[in-house]
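Read through the structure below, which is laid out as structure tokens, and then see the notes.
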Amino acid sequence: MTDKILVTYATRYGSTQEVAETVAEILREGGFEVDVQSMRTVRTLEGYGTVVLGAPLYVGKWPKHAHRFLLRFEEALVKLPVAIFALGPIHDDEDEILGSRVQLDTELKKYPWLKPVALEMFVGKYDPSKFHFFDRLIASMPASPIYKMPASDHRDWVAIHIWAGKLVSTLQPTPAR
Ligand SMILES: Cc1cc2nc3c(=O)[nH]c(=O)nc-3n(C[C@H](O)[C@H](O)[C@H](O)COP(=O)(O)O)c2cc1C
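For the sequence shown, the numbering used here begins at 957 and goes up steadily by one.
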């Protein structure tokens, strides 16, 4: 048996990684052994009893490397408890959250074999000063929903702590394969 948990994340600008690290810390405080790793660098799920996946939404989609991770590790993931969190809307706004939730559900439908034991979406961070070329281009277009949108960070650390705390009590790690 192993109680070891992998918290793995996809990120473009680091905010999902920071949430993943916080979730990992809370799981550790709950008595689990936890590794935190980018989805880009995970080579095997051997030795893990549970996987926590965190990924942001960009233009309605998960990043490509999140999809690659799911395709690559499907066989292992179907046998393990998997918890998922997404970073989505930029503002703590009901309509925005609902829209992002629809986007997340659409992404999840692509993986009918994925049956998360826990699923949550958190409001994200928006920092145009860090943008790579393509996002700067999107943000510079007057028709874009993020045109001239100021930087913000509405990540709700209390909600993140509560979700991770619940995971500590609900996760039932299975034997590693
Ligand atoms: C160009 C751009 C497009 C985005 N599109 C969406 C979106 O379609 N749906 C959504 O919920 N959030 C969207 N977001 C918000 C991000 O998911 C949020 O900023 C998240 O915290 C980014 O995570 P990261 O820092 O780990 O890359 C977008 C952000 C940017 C910069």
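C-beta atoms are modelled at their ideal positions from N, C-alpha and C, and glycine is treated no differently.
Taking the Cα positions, residue 961 is about 23 Å away from residue 1060.
By the neighbour-count criterion, in which a residue is buried when 16 or more other Cβ atoms sit within 10 angstroms of its Cβ, residue 970 is exposed. With contacts defined by Cβ atoms closer than 7 Å, residue 1072 and residue 1039 form a contacting pair.
Counting only residues of its own chain and dropping the five nearest sequence neighbours on each side, residue 1048 has a CB closer than 6 Å to the CB of 1079 and 1110. Distance check between residue 988 and each of 1092, 1096 and 1005 places 1005 closest, using alpha-carbon atoms only. Check the Cα spacing between residue 998 and each of 1090, 984 and 966: the tightest is with 966.
Counting only the Cα atoms, residue 1105 lies some 24 Å from residue 1041.
Where residue 1100 is concerned, there is no enclosing alpha helix (DSSP H), because DSSP gives it neither an H nor an E.
As DSSP reads the structure, residue 1010 sits in a beta bridge with 965 and 1041. Per DSSP, the beta-bridge partners of residue 993 are 964. Within a 10 Å sphere around the beta-carbon of residue 1126 sit fewer than 16 other beta-carbons, which makes this residue exposed.
Taking residue 1075 as reference, the option from 1014, 1016 and 1115 with the minimal CA-CA separation is 1115. Distances from the alpha-carbon of residue 992 to those of 964, 986, 1066 and 1084 put 964 closest.
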